[in-house]
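A quick write-up on the structure given underneath.
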Amino acid sequence: MTRLLPCLVLLLLSGQACAAGLTARVDRTRLALHETLELTLETEDATQFGAPDLGPLAASFQVASTRQQNQLATVDGQARALTRWLITLQPRKTGSLEIPALSLGQWRSEPIQLTVQADDPASETLAPVFIDATLDRDHVYVQGQIVLTLRIFHSVSLYDDSSLSPLQMPNAIVERLGEPRTYEKRVNGMLHGVIEVRYAIFPQQSGHLTIPAQLFSATTVAATDGYSPFGPTPGRVTEVKSPVIPLEVAPIPPSYPKDQPWLPARRLTLVEAWTPAPAEAQVGESLTRSLLLQAEGLSSAQLPPIETAEVPGLRRYPDQPSLANEVGPGGVTGSREQRVALVPTEPGKATLPPISVTWWNTETDRLEVTELPAHTLDVAMNPTIEQPPLESLPAPVAAPSAWPAWPWQISTLVLACTTLLGFGLWWHARRQPAVHRSAASGPSPRTLLDDLKRACLANDSQATRQALDAWARQQPETLADMAARFVPLSDALDELNGALYSETGQRWQGEGLWRAVQALPAQEQQAIEQDQSALPPLYPR
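Residue numbers (the working numbering): -16 to 524.
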């Protein structure tokens, strides 16, 4: 089951590309003139060859580098190819710039707006170590995500004792996005080392919020004019603080449904997978349905349970949900996977209702609903568990009108009684060998019951299921009929099926099933057995 999760995650990541043909995104929308940003182009169209046309970028950007990535995955039995281009861009001018729509064959990406700030005129006199802080967006909703990026610039070498104070906010949840990233950048012609640290911030209340300053401390390596016989000169401890950033947090929009959990996300997808395929549904055979909910800009702890309704004719055995968080260029992407085993109990059609998730798109600032359509399962009868019907009882003979007892009728009755007496003696003589022959052809009921007891008390769900089926085949009624008239047996069978069709089998206890079998009341069939064994009278009155 766990192998399904990577395929489902890849399906979610490629879902947007499949819908738009060619998608474009950047790691940030605010930067300085001499900074670089990373543009990602992505497509799932395997019929397109070559690379996107980057010519429209030349007017406003310098293309520093381009890398291509290719991935192949199998989703629901279909192979899907995903192609991604990672393009490093440096702006040529300041102000509001646009990454124009780029083409790949018949597909075109959407344009992206950027804000490029001018370099600080006082940067010529910048300190050897300084720190800058930026946010990935200007506004955020309550419980939504905003990404803070801290960049520590240093034009001098630093010892390995550098430290950054932890970001703590009483009215927000803060998660650091991966490990710090280091690279180099020119600022006004001077090469600087950069230490980049990113945080995902989830405000927990609306209104005014302040992102506090963080303290960076490091020891600089003192410059020397040559070889020193006394070793390297001790450095000087330097401390710098990031700027304090005010932030306004928007409340939940009034148009959002009051009865739905609040989900502010950049993108939300809901997919499903089946094992085996729904077309192979049979009575008594388990179908596993996997549902994966994934949201960009929300952690897995914020995702609600996926509500599924009870369906007549299907027994449900849900597993524990699987939660995961993935860190990417846009911050945190949370996922919640729920698996449920569905066991059909009767043939025919079983309709699973649609599943919908209401959420707020923070990119388009509007309400959206993501839905899985309804499913209709055509459940077939399972020949391995189908039991032959009981033989119909002989129809009662209608009683004729009374006749006088003539002498020839009395003599016929005496002859019939004599015949019945001889038949009874012959049947008694054959009965004992028949019993022996039946016992020799298979295990006795007592042996089958002992096998069932041992399997139950050993807490072996698979062996118990086999022993239970063998024992039930020698009973005068089916296992379903016994469970229908005795509730403790029905409950014990539900627990056994839950152990067989979910991941909790190793924790199953069979003592309850064995007690239910022992306490099973006898079927009230004495009158039926008498009617089946006795011959109808020759002259009913």
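Just so you know, even glycine gets a beta-carbon here, dropped at the ideal spot from N, CA and C. As the structure is a prediction and not an experimental result, all values here were calculated from the model.
In the DSSP assignment, N480 falls within the unbroken alpha helix (DSSP H) covering 470 to 483. Considering only A84, L20, F185, A499, the residue with the shortest C-alpha distance to D477 is A499. Close CB contacts of W454 within its chain, under the 7 Å cut and outside five residues either way in sequence, are with L431, L432, L435 (chain order). Across the set G172, E279, A446, P226, the C-alpha of A446 shows the shortest separation from the C-alpha of L479. Relative to the Cα of L5, the nearest Cα in the group A15, I70, R91 belongs to R91.
Fewer than three pairs of CB atoms, one per stretch, sit closer than 8 Å, so the segment 258 to 266 makes no contact with the segment 282 to 289. By a beta-carbon distance limit of 8 Å, A292 does not contact S273. Their separation comes to about 17 Å. With respect to the 8 Å criterion, V323 and R298 are not classified as neighbours on the basis of their beta carbons. With respect to the 8 Å criterion, D143 and R11 are not classified as neighbours on the basis of their beta carbons. Judged by DSSP secondary structure, L440 falls outside any beta strand (DSSP E) and instead within the alpha helix (DSSP H) spanning 428 to 440. For S140, there is no enclosing beta strand (DSSP E), since its DSSP letter is neither H nor E. Close CB contacts of H358 within its chain, under the 8 Å cut and outside five residues either way in sequence, are with P261, T334, L335 (chain order). With a beta-carbon spacing of about 7 Å, V177 and E167 fall inside the 8 Å limit used to define contacts. In this structure the segment 311 to 328 does not touch the segment 338 to 348; the number of beta carbon pairs closer than 8 Å is below three. Counting only residues of its own chain and dropping the five nearest sequence neighbours on each side, G317 has a CB closer than 6 Å to the CB of A278, L281, S282, S283, L286, N308. For G78, the enclosing beta strand (DSSP E) has its first and last residue at 78 to 82. Taken through DSSP and simplified to helix, strand or coil, W342 comes out as strand. One Cα belongs to V232, the other to G127, and the distance between them is close to 9 Å. Here L131 really is in contact with I194; their C-beta atoms are around 6 Å apart, less than 8 Å.
A Cβ-Cβ separation of about 19 Å leaves I135 out of contact with I184 under the 8 Å criterion. Secondary-structure assignment with DSSP links Q73 through a beta bridge to Q45. For R120, there is no enclosing beta strand (DSSP E), as DSSP gives it neither H nor E.
Judged by beta-carbon spacing, T71 lies beyond the 8 Å limit of T26, meaning their Cβ atoms are not closer than that value. P39 is a Cβ neighbour of P83, given a cutoff of 8 Å.
Counting along the chain, the unbroken alpha helix (DSSP H) around E494 starts and ends at 494 to 501.
Taking C-beta atoms as the reference points, L275 and E320 count as a pair closer than 8 Å. CA-CA distance, K224 to S86, rounds to 43 Å. Taking 8 Å as the cut-off, the beta carbon of T23 is found closer than this to the beta carbon of L69. Excluding the 5 residues flanking it on each side, P301 has same chain C-beta neighbours closer than 6 Å at V323, in chain order. Taken atom to atom, the span from the alpha-carbon of T258 to that of E268 is near 11 Å.
DSSP places L451 in no beta strand (DSSP E) but in the uninterrupted alpha helix (DSSP H) bounded by 444 to 455.
Classified as exposed, H122 has fewer than 16 neighbouring CB atoms from the shown chains inside 10 Å of its CB. The continuous beta strand (DSSP E) containing V315 extends over residues 314 to 327. In this structure S189 is in contact with V125, their Cβ atoms being roughly 5 Å apart against a cut-off of 8 Å. For Y182, the closest C-alpha among the options G493, E346, V310, S48 is that of V310.
Per DSSP, G172 lies in no beta strand (DSSP E) segment and is marked neither H nor E.
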